[in-house]
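Report on one structure; see the data block that follows.
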Amino acid sequence: MTISMQALQEAADYIMQQTPLRPRIAFTLGSGMGPLADELQNATTIPYADIPHFARSTVQGHAGQLVIGELQGHTVLAMQGRYHFYEGHDMQAITLPVRVMKLLGVEIFIVTNAAGGLNQTFSVGDLMLITDHINFTGMAGHHPLIGANLDAFGPRFPDMSTPYDLELQAMARRAAQQAGFTLQEGVYVSLSGPSFETPAEIRFLQIVGGDAVGMSTAPEVVVARHSGIRVLGISGISNVAITDTTSDRETTHEEVLEASHIMASKLVQLVKGVLAELANPAE
Ligand code: HPA
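Residue 122 is where the sequence shown starts when you use the numbering used here, and the numbers rise one by one after that.
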């Protein structure tokens, strides 16, 4: 599928007809992170199914709706649930909402996910600040910017030397410190799923420098950066990776969802801290 500028504009126009609010900050809330959207005031909720050219979201734990409202003095847009490659959507469909965010005027994208911990020092329930990523699906030929370049968004060969905004990272560190919890940091590895990794795959991802692994995020971030949107990425460590085939442990979606409920409250604190600093810059 190649997405046209007209289709993107139709989606943006539909959203703008539902609310007079014009968000400058957008969130994508991963598995179990949806509760952040409940914090929005004066909220308008729009099911993805109603928005022209949006695909349907099918995963348990993902609501499949967009909420626009106010949080900490900012007008924000929250995507409750995202599209995944493993659902059968192509990369352009998965990243279409990010392009629509750009047309709505979004300047900052805060992306969250549940991820498996590759770094042995991480524990279930930790939040990890994403400092960089490895877009394995993109490197394997499923890159969201393949096809005609939409010059209105950005260049054919966009730079990715700083995918995650350094200033936003600093704000997230300060917010976690103020809230009193440890914020881990590291490299997020993006795979297609839907199977979880084998122990040999886990060991491979550890060797190449991954700290957390999941089935989303990097494609959305690449498309956001293509159009100059600043990105903050947060992974919730929902399970720790299994490195040994003789282990009697398993990784399950239920385990992932259970842990994300615990992490959602930390995420709310972190995000509120970052939004407070954005409203009132320290220096
Ligand atoms: N692997 C891949 N994706 C995930 C995991 C995992 O262990 N946990 C949550 N999403």
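All residues carry an ideal CB built from backbone N, CA and C; glycine is no exception.
Since we're looking at a predicted model, the values are computed, not measured.
Going by the C-beta, is residue i closer than 7 Å to any heavy atom of ligand 2?
i	result
T372	Ligands displayed in this structure: ligand 1; ligand 2 is not among them.
Would you kindly check if the distance between the Cβ of residue j and the Cβ of residue i is under 8 Å?
i	j	result
M154	L396	no
P340	P265	yes
L326	V344	no
V329	P284	no
E306	L250	yes
I363	A236	no
Q186	G209	no
I355	L248	yes
H254	V342	yes
S313	Y207	yes
Would you kindly work out how many angstroms separate the C-alpha atoms of residue i and residue j, rounded to a whole number?
i	j	result
M298	M292	Residue identity differs from the one stated: residue 298 is Gln in this sequence, not Met. If I take the Cα positions, the gap works out to 10 Å.
F274	Q213	14 Å
Q193	D365	45 Å
A128	N234	27 Å
A147	V334	23 Å
L217	S337	14 Å
T196	V392	14 Å
S381	R346	26 Å
G226	M200	15 Å
N270	I383	40 Å
L245	I215	Checking the sequence, you will find Val at residue 245 rather than Leu. Rounded to the nearest angstrom, the two C-alpha atoms are 27 Å apart.
Q290	V188	24 Å
L304	G394	13 Å
G331	T242	13 Å
G301	Q390	10 Å
R177	D171	10 Å
M281	S348	12 Å
Helix, strand or coil for residue i per DSSP?
i	result
Q193	coil
A333	strand
S381	helix
Q139	helix
P168	strand
F274	coil
F230	strand
F148	strand
Y309	strand
L239	coil
L289	helix
R370	coil
D247	coil
S348	coil
I think residue i touches residue j, with their Cβ atoms under 8 Å apart; what is that distance to the nearest whole Å?
i	j	result
E376	N401	About 39 Å separates the two Cβ atoms, so there is no contact after all.
T149	T165	Actually they do not touch by this definition, with Cβ atoms about 18 Å apart.
L198	Q130	Incorrect: roughly 17 Å between the Cβ atoms, too far for contact.
F175	A132	6 Å
I350	E228	6 Å
L157	A385	7 Å
L378	S152	6 Å
V219	F230	7 Å
Please classify residue i as buried or exposed, where buried requires at least 16 other C-beta atoms within 10 Å of its C-beta.
i	result
G190	buried
F317	buried
E398	buried
N256	buried
F278	exposed
G262	exposed
S368	exposed
P276	exposed
T258	buried
I323	buried
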